[in-house]
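For reference, the structure discussed in these notes is given below.
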């Protein structure tokens with residue numbers, strides 16, 4: 004990969020068969036690609052144009068799916084992740100034999116969760132989408 008090829012990828016504006024620019028490429032695909040390069044391919048990251056690097060600083064992870072055990076401890080909706088277990092307040096579920104004031108779950112390895120805040124993401128977070 005050369006710097007010219009990288010610039011072509013991140014600055015490209017593909018067009019649809021019927022005409023018009025495919026805006027989702029620059030708005031969704033390129034930022035995800037850049038984030039992947041930054042996190043997983045440091046040698047390639049060095050050749051990313053500086054103006055494109057600035058787009059990664061403002062990446063919004065909200066709504067993405069990630070492996071829970073790779074996320075930062077904190078609140079996920081009504082649940083609190085402490086790095087090992089999920090705990091939640093009053094729970095009324097058909098799967099429980101009785102109503103509960105507090106419940107603690109130990110998720111299986113590789114369990115995924117939807118990111119609700121950017122603070123849940125670290126450099127170690129593994130995305131599955």
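In this note's numbering, the protein residues as written are 4 to 132.
Yeah, the Cβ is synthetic: ideal placement off N, Cα and C, and Gly gets one too.
Just so you know, these numbers come straight off a predicted model, no measurement behind them.
* Asked: Three-state secondary structure (DSSP) at residue 119?
  -> Residue 119 sits at position 116 when you count from the first residue of the chain shown. In the structure shown, residue 119 sits in coil (DSSP, three-state: anything other than H, G, I, E or B).
* Selected residue, minimal CA-CA separation from residue 47, among 72, 10, 78 -> To locate residue 47, count along the chain shown from 1; it is residue 44. The residue with the shortest Cα to Cα distance from residue 47 is 10.
* Within its chain, find whatever has a CB closer than 7 Å to the CB of residue 62; leave out the 5 residues flanking it on each side and keep chain order. => On the chain shown, position 59 is the one that residue 62 refers to. 34, 38, listed in sequence order.
* Pick from 13, 125, 124, 80: whose alpha carbon is nearest that of residue 53? -> As a working note, residue 53 is residue 50 in the chain shown. The option with the nearest alpha carbon to residue 53 is 13.
* Which runs of the beta strand (DSSP E) spanning at least 3 residues fall entirely within the region 19-69, listed in chain order? -> none
* Asked: According to the neighbour-count rule (16 or more other Cβ atoms, all chains shown, within 10 Å of its Cβ), is residue 69 buried or exposed?
  -> Counting from one through the chain shown, the residue named residue 69 turns up at place 66. Burial call: buried.
* Contact under 8 Å by Cβ, residue 123 with residue 66 -> For this step, residue 123 is matched to residue 120 along the chain shown. For this step, residue 66 is matched to residue 63 along the chain shown. No, they are not a contact pair.
* **CA nearest to the CA of residue 74, picked from 17, 116, 31** => Residue numbering aside, residue 74 sits at position 71 when the chain shown is read from its first letter. Out of 17, 116, 31, 116 has the C-alpha closest to the C-alpha of residue 74.
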